[in-house]
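Residue 111 is where the sequence shown starts when you use this note's numbering, and the numbers rise one by one after that. Note that beta-carbon positions come from the ideal geometry of N, C-alpha and C, so glycine has one too. Notes for the one structure printed next.
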Amino acid sequence: MLLIAVGLAMDAFAVSVGKGLTIQGQCKKACIVTGLYFGGFQSIMPLLGFLCGETVIQYIAPISRILSFILLTLIGLNMLRETIKETSTSNSASIAAKVMIPAAIATSIDAFAVGITFAALKVNVAMAVLLIGCTAFLFSGVGVKIGSIFGDRMEKQAGIIGGLILIAIGVKILVTG
């Protein structure tokens, strides 16, 4: 189960590194808030998958890669636009709900599908959800911290790199599933 939790947390970690690249002076808060969003959604989605069962997966599975790609690409493009535009109140550095929820959804769609398999495998769902959420929380917080270390040194380039990371993750999901 730990390997599943780590696997599910990797996209959240990568997006968190991108988020960390753009934050300035609010690292501790960003680590916690980002961890809560990603950890929370990584917990909720497998639970929803477990509860919905195979009924919903037949509708979501065909579009899950496209949906993740679209969300991550839009967030990444917005990050690039704001970095290039050099706005002082950039949304890409924001940890507000309107920025974090789409990113958290995009990185947790695969967790929904994993949740569907829990019913068939007779998994202890409460324990699995707790482990997945805690792992995503920790990986996300560490990702923000790692990104912020490089972001403080690279300033404008950090926003561009962060946006490109999000777009690359979206493309990877679209191409490889």
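Item, Value
"Give the straight-line distance between the Cα atoms of L276 and G135, rounded to the nearest whole angstrom.", "22 Å"
"Any heavy atom of the ligand GTP inside 6 Å of the beta-carbon of I275?", "Within the structure as shown, the ligand GTP is missing, as the structure has no ligands at all."
"Would you mind working out which of A278, R191, K138 and D220 sits nearest V116, comparing C-alpha positions?", "D220"
"According to DSSP, is G117 helix, strand or coil?", "helix"
"Let's see if you can read the secondary structure: which residues bound the alpha helix (DSSP H) around V143?", "C137 to C162"
"Touching or not, the region 243-262 and the region 129-144, by the rule of three or more beta carbon pairs under 8 Å?", "yes"
"For Y169, count neighbouring Cβ atoms within 10 angstroms of its own Cβ and tell me buried if that reaches 16, exposed if not.", "exposed"
"According to DSSP, is I215 part of a helix, a strand, or is it coil?", "helix"
"To the nearest angstrom, report how far apart A238 and V166 are at their CA atoms.", "20 Å"
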